[in-house]
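This report refers to the structure that appears directly beneath it.
Protein chains: 2
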Amino acid sequence: MATARRRIGIKDVAAAAGVSTTTVSHALSGKGRLPEATRESIAEIAAELGYRPNTSARNLVAGKTGLLGITVSASPDAPFGLGDFDYFIQLLSAATGAAVEGGQALVVEGAALGANAFSRVDIDGAIVIDPVSDDPLLASLDARGIPIVTTGRRDDGSDSGTPRHWIDNDHREATLSILDHLVEHGARRIGLVSTPPVTSYTRDAVAGYRSWCEATDQKPLVAVAGGPINEGSGFIGAAELLDGPDPPDAIYATLDQLALGVLLAARARSIAVPEELMVAGCTDSHGSAWAAPPLTAVALNPERIGRAAVAMLSSLIEGREPEVNPVMVPTAILPRQSTARNGPP
Amino acid sequence: MATARRRIGIKDVAAAAGVSTTTVSHALSGKGRLPEATRESIAEIAAELGYRPNTSARNLVAGKTGLLGITVSASPDAPFGLGDFDYFIQLLSAATGAAVEGGQALVVEGAALGANAFSRVDIDGAIVIDPVSDDPLLASLDARGIPIVTTGRRDDGSDSGTPRHWIDNDHREATLSILDHLVEHGARRIGLVSTPPVTSYTRDAVAGYRSWCEATDQKPLVAVAGGPINEGSGFIGAAELLDGPDPPDAIYATLDQLALGVLLAARARSIAVPEELMVAGCTDSHGSAWAAPPLTAVALNPERIGRAAVAMLSSLIEGREPEVNPVMVPTAILPRQSTARNGPP
DNA sequence: ATTCCTAACAAAAACGTTTTTGCATGTCAA
DNA sequence: TTGACATGCAAAAACGTTTTTGTTAGGAAT
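Chains A and B supply the protein sequences, listed in that same order. Take our numbering: the final residue in the first sequence is number 345, and no numbers are missing along the way. Take our numbering: the final residue in the second sequence is number 1345, and no numbers are missing along the way.
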């Protein structure tokens, strides 16, 4: 019954409209010189017939693949999966949504691939999340001439002349404001637990913390959690501070996973949170929200970051310089019980 | 300095090898009739030149888009995001990985799109996760003649004659074994908290539970948690059982989120877990692992499901009937503290 | 010696678009 | 009245493959 009907092509539209394929193409793309009336009538016929242009054919003449790539940069010392962090999930979801809405296909590559990412599938451009210092992936993409948008700034020693495009939060500012938040709630001595400074957000947070220490005339109290990025590392980092000669009464961790580890370290020592120790982390997550007690977090707006990255990359691929670059996405503090020492959060 | 060099095409290879493009194509694809020696030498030259076939051109002649789609089916009454469930994330990661390894591009569509999913981006085939009854998306894909692999079985009343392809766990068996696990650990009265039976896994779990009740001569004790799938619904469902005339001393929830809600309900009533109430949930997640106490879970192996789905869909697209269909993926019980009433989990 | 077959390759068509070039026709200015 | 120029459209080339259809040379069979 259901006649296996051919897909409607530009030729069918042309035939139906009594014009050439050239004219249809021009009418639909807005190029060429055609009277508005012709354009409209052709567009109408195309819509009636349910014409959908063949993407492969388009890509072929455009010399594009029609694919955007997204991956997260990873340091070889600290491997992790895309699903390990709520932040990535939210960013990816948003990016995926934005791409699909724009009729673009976005392919996600796992983190563990290093420079081999995007070697199997050809892409028109790439979004690289949180680039670590001198990631060979970036060099490889640069060499292939593939446009890149990073989420967080890239740092490869010599600024190689190529213009940079990125989305970022103001992590320095965010750090200052969470420190203020802690002080407001009664903190007297604030320690920092961070990952090694391989990403711009870590460097920014540490820089913010140090400048705050200088301004308030305190000695920085920093633990760098090496190894895998998880609760265990946070636990160890927190232990270093809590068991040290100058234990803090508040800790800010540059990642939610670390903050959860700090919470565990406090529990192991029967230190009451937030009464004896306030804890806050960067990046909100299910884990932070459901922790005991719930963790105050710096929200980074990964949804906006993801959408902005796709938009910026699309511009680049079309050969337009993006209107705004870099894009700065605002942060916000989500006050929860873990910092509610004086009254409600 | 870096000469912006053209991309190597099949013509370049042909020229370098002193043969026609036809011969190169045949040599590389294994088709046509060529002596092995010629094939090899051409392959070598192609590799030397770094030849990579243009995907768009290939797709154009093949009449394909080169894209696989994946989305999760959602009931309009219970909307959720892709990132809401660890299960999806793990499945998606695995599917993405499998696709990329196979040189395929997989595009992820959000859940909230309903039948509109895949209307913006053309795909060669689709993976639909946990299809809900009579999802219009499936009908729409069927109508467009797009091959479908489902994760979990589809149920659309009349079996419409079209052959079905799916990956699944044996949820009935899994349910029986977790019930056994609970009994072994001292449960006397086991209740079930489930979502409405719109997916095959829910129907299977409920069916398993009911047959177990029948076999053990008990009256089923079931709470159906409507509305959004989250801890709140689990809380309400658990309340219904715990505050009822026949309160259970163990609850199995068909989703980890519900199980977390059960935990909260127990805490709200000062019911000790696992001493007074054992709790287990289907699907492992970060939340389950980090809950207080950690939740015993039925692991579903989403990684294997995701990879199998991509493999099966690829077969279908190439026009081959998959070797195994359906694919059944084994489950396992992850014993944790929430069911450790008698001795260690 | 002719015919027939096969091996080894090449020429050309096809896929569905976009883009470039070309060709009428009409309008306006000189 | 003749060029110059704009307008409205079509023909044809191009994108990089795969696939279909030849073509040639050589060997075997008659």
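We treat Cβ as the ideally placed atom computed from N, Cα and C, and that holds for glycine.
When you compare each of G1114(B), I1178(B), A1187(B) and D1130(B) to T1202(B) by their alpha carbons, which one comes out closest?
D1130(B)
Please decide whether T1296(B) counts as near chain A, where near means a Cβ-Cβ distance under 8 Å.
no
Here's a check: name, in chain order, each residue in its chain whose Cβ is nearer than 8 Å to the Cβ of S93(A), leaving out the five neighbours to either side.
E303 and G306
To the nearest angstrom, how far is it from the Cα of T3(A) to the Cα of D1142(B)?
Caution is warranted here: a pLDDT of 48 is assigned to T3(A), below 50, making its placement in the model unreliable, and no coordinate value can be reported.
N230(A) (DSSP reduced to helix, strand or coil)
coil
Rounded to whole angstroms, how far is the Cβ of T331(A) from the Cβ of V298(A), which I believe are closer than 8 Å?
6 Å
Would you list, in sequence order, the uninterrupted alpha helix (DSSP H) runs of no fewer than 4 residues that lie entirely inside the segment 290 to 320 of chain A?
302 to 317
List, from N- to C-terminal side, the alpha helix (DSSP H) runs of 4 residues or more that fit wholly inside the segment 1053 to 1108 of chain B.
Counting whole runs of 4 or more residues, the segment 1053 to 1108 of chain B contains the alpha helix (DSSP H) stretches 1055 to 1062 and 1086 to 1101.
Test: E303(A) CB closer than 8 Å to a CB of chain B
Answer no: the Cβ-Cβ gap between E303(A) and chain B never drops below 8 Å.
For D256(A), go through chain B and note every residue whose CB falls closer than 9 Å to its CB, in chain order.
Result: empty, since nearest Cβ-Cβ is about 11 Å, beyond 9 Å.
If we count the other Cβ atoms within 10 Å of its Cβ and call it buried at 16 or more, is T1162(B) buried or exposed?
Result: exposed.
The beta strand (DSSP E) that contains V262(A), what's its start and end?
V262(A) -> not in any beta strand (DSSP E); alpha helix (DSSP H) instead, spanning D256 to A268.
Less than 8 Å between CB atoms is the rule here; does L242(A) satisfy it with respect to chain B?
no
Run through DSSP, which three-state label would A280(A) get?
Of the three classes helix, strand and coil, the one that applies to A280(A) here is strand, per DSSP.
Would the beta-carbon of A126(A) fall within 8 Å of that of G69(A)?
yes
By a C-beta neighbour count over all protein chains shown, 10 Å radius and 16 as the cutoff for buried, is D204(A) buried or exposed?
Under this definition D204(A) is a buried residue.
What does I89(A) reach in chain B if we use C-beta pairs closer than 7 Å?
G1083 and I1089
Within 8 Å of any Cβ in chain A, is that where the Cβ of T1283(B) sits?
Chain A, which has no Cβ nearer than 8 Å to the Cβ of T1283(B), makes this no.
Min CB distance L138(A) to chain B below 8 Å:
Not an interface residue.
Where N1346(B) falls: helix, strand or coil (DSSP)
Outside the displayed span of chain B (1001 to 1345) sits residue 1346(B), for which this structure offers no information.
Hey, S1200(B) and R1153(B) are a contact pair by Cβ (cut 8 Å); roughly how many whole angstroms apart?
4 Å
Other residues of its chain near N169(A): CB distance less than 6 Å, five sequence neighbours each side excluded
Within the same chain, N169(A) has close Cβ partners L300, V329 and T331.
For the alpha helix (DSSP H) containing S1025(B), name the first residue and the last one.
T1021 to S1029
Kindly list, in the order they appear in chain B, the residues whose Cβ is closer than 8 Å to that of G97(A).
G1110
Using a Cβ cut-off of 7 Å, pull out every chain B residue sitting near T65(A), in sequence order please.
T1055 and S1056
Can you list, in chain order, the residues of its chain with a C-beta nearer than 7 Å to that of P247(A)? Leave out the 5 residues immediately preceding and following it.
L241
Is the distance from the Cβ of L49(A) to the Cβ of A16(A) below 8 Å?
yes
Span of the beta strand (DSSP E) around T151(A)
I148 to T151
Which word fits G208(A), buried or exposed, when buried means at least 16 other C-beta atoms lie within 10 angstroms of its C-beta?
buried
Leaving aside the five residues before and after A99(A) along the sequence, list all residues of the same chain whose C-beta is less than 8 Å from its C-beta, in chain order.
Cβ neighbours of A99(A) beyond the five flanking positions: L68, A105, L106 and V310.
Segments assigned beta strand (DSSP E), at least 3 residues, entirely inside the segment 153 to 229 of chain A:
166 to 169, 190 to 194 and 222 to 224
Compute the distance between the beta-carbons of V1128(B) and L1137(B), then report whether it is under 8 Å.
Yes, they are a contact pair.
Could you name the residues of chain B that A105(A) contacts, counting a contact when the two beta carbons are closer than 7 Å?
L1067, A1105, V1107 and V1121
8 Å is my cut-off, CB to CB: does G125(A) come that close to chain B?
no
Along the alpha helix (DSSP H) that carries A143(A), what are the first and last residues, could you check?
P136 to A143
What residues are listed by DSSP as bridge partners for A126(A)?
G69(A) and I148(A)
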